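S.K.: One structure is given below, represented as structure tokens, and several questions about it will come after.
Residue numbers (full-length UniProt numbering): 1 to 243.
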């Protein structure tokens, strides 16, 4: 159930907070009174497309939020729990800037517009010109069938069990991959140890090899300097040669 709708700098509205209680609420007024603005703001909170025209003239952004009581909406609770989001209540927030950029949050956590749409379908039904389109969706058929058969609790439990199984499967795959990496490292180390054993290095031989490698690495430079010294000795200038 929608319990609160907050609007800031949307269309012609400066600031508005609409608190709704249980039961039926009727909002009436003549044409142009702003009824459609409320529905437009709610629609944006539920993931409808937004543009820069949504922002009140002269303002930098519009900030909208819709709060729902979901204690009797198991599908919404399940949706939030599946994504490890707080499920005690549901607060949808949407910010649209004057340049058309949009950001969304669900219970204070960043969300995508598709997330708002997906969760919004579990929260509220807006019966308008194209409301019948929902009847074409497979998930709507399943939800109606489960509700008719009184299986909502069983469906919720099945979904929870499936999430636990999926998480366990993910952890098992991770452990298996980590085990494969450990085994690969073990084989590499074993191969390297075998190569070292085959070399039969004596104590202190590593230092000798490192010294020899250093000498060989500088052999070209040493040869060049030696050749230069020899050329200087053979020239008429003798020790007056400059490097």
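Backbone N, C-alpha and C fix where the C-beta goes; we use that ideal spot for every residue, glycine too.
Quick caveat: nothing in here was measured; it's all calculated off a predicted structure.
Can you list, in chain order, the residues of its chain whose CB lies under 6 Å from that of residue 18, leaving out five sequence neighbours each side?
M.R.: Closer than 6 Å at the Cβ level, and outside the excluded window around residue 18, lie 5.
S.K.: According to DSSP, simplified to helix, strand and coil, what is residue 102?
M.R.: Residue state, collapsed to three classes: strand.
S.K.: Specify the secondary structure class of residue 229 as computed by DSSP and reduced to three states.
M.R.: Correct three-state label for residue 229: helix.
S.K.: Which class does residue 247 belong to by DSSP, given the choice of helix, strand or coil?
M.R.: The chain is shown only over 1 to 243; residue 247 falls outside these bounds and no answer can be derived.
S.K.: Excluding five sequence neighbours on each side, which residues of the same chain lie with their C-beta closer than 7 Å to the C-beta of residue 35?
M.R.: Excluding sequence neighbours, residue 35 sits near 27 and 29.
S.K.: Using three-state DSSP, classify residue 140 as helix, strand or coil.
M.R.: Helix.
S.K.: Does the structure place the stretch 50-58 close enough to the stretch 67-76 that three or more beta carbon pairs sit under 8 Å?
M.R.: Judged by Cβ distances under 8 Å, the stretch 67-76 makes no contact with the stretch 50-58, as fewer than three pairs qualify.
S.K.: Classify residue 165 as buried or exposed, calling it buried when 16 or more other Cβ atoms lie within 10 Å of its own Cβ.
M.R.: Residue 165 should be labelled exposed.
S.K.: Bridge partners of residue 97, per DSSP?
M.R.: For residue 97, which the question treats as bridged, DSSP gives the partners 61.
S.K.: Would you kindly check if the distance between the Cβ of residue 124 and the Cβ of residue 39 is under 9 Å?
M.R.: The answer is no: Cβ separation not under 9 Å.
S.K.: With which residues is residue 10 paired in a DSSP beta bridge?
M.R.: Paired residues: 13 and 55.
S.K.: In this structure, what does DSSP give as the bridge partners for residue 109?
M.R.: Bridge partners of residue 109: 106.
S.K.: Give the straight-line distance between the Cα atoms of residue 219 and residue 211, rounded to the nearest whole angstrom.
M.R.: Between residue 219 and residue 211, the C-alpha separation is close to 12 Å.
S.K.: Measure the beta-carbon distance from residue 61 to residue 97 and round it to whole angstroms, keeping in mind my assumption that it falls under 8 Å.
M.R.: At roughly 5 Å, the Cβ-Cβ gap stays under 8 Å, so residue 61 and residue 97 are in contact.
S.K.: Could you check the C-alpha separation between residue 232 and residue 208 for me, to the nearest Å?
M.R.: Rounded to whole angstroms, residue 232 to residue 208 spans 33 Å at the Cα level.
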